[in-house]
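The structure appears right after this line, and notes come after that.
Numbering (the working numbering), first residue to last: 469 to 535.
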């Protein structure tokens with residue numbers, strides 16, 4: 469059809485399989501997809517924030533920031 473999956477209507481998805489439901493669009497949402505990847509080292513925003521803070525804490529222990 470020359471479009472992205474997120475542009476297809478539910479009827480088109482169901483023509484492939486009747487198991488598709490409204491939740492198919494949540495799966496195709498890039499931000500939601502990244503947020504679900506919460507495994508160690510995964511890109512979920514909470515993981516990235518936690519690891520960044522840990523990195524700053526470790527760095528401050530070696531080279532304290534000057535205020």
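Cβ atoms here follow ideal geometry from the backbone N, Cα and C, with glycine treated the same way.
Source: prediction; values computed, not measured.
Considering only heavy atoms of the ligand NAD, does any lie closer than 6 Å to the CB of residue 487? In the structure on display, the ligand NAD does not appear, and there are no ligands present to speak of.
Span of the alpha helix (DSSP H) around residue 524: For residue 524, the enclosing alpha helix (DSSP H) covers residues 513-530.
To the nearest whole angstrom, what separates the beta carbons of residue 494 and residue 503, a pair I think is in contact under 8 Å? At roughly 11 Å, the Cβ-Cβ gap does not stay under 8 Å, so residue 494 and residue 503 are not in contact.
If distances are taken between C-alpha atoms only, which option among 533, 509, 474 comes closest to residue 492? Ranking the options by Cα distance to residue 492, first place goes to 474.
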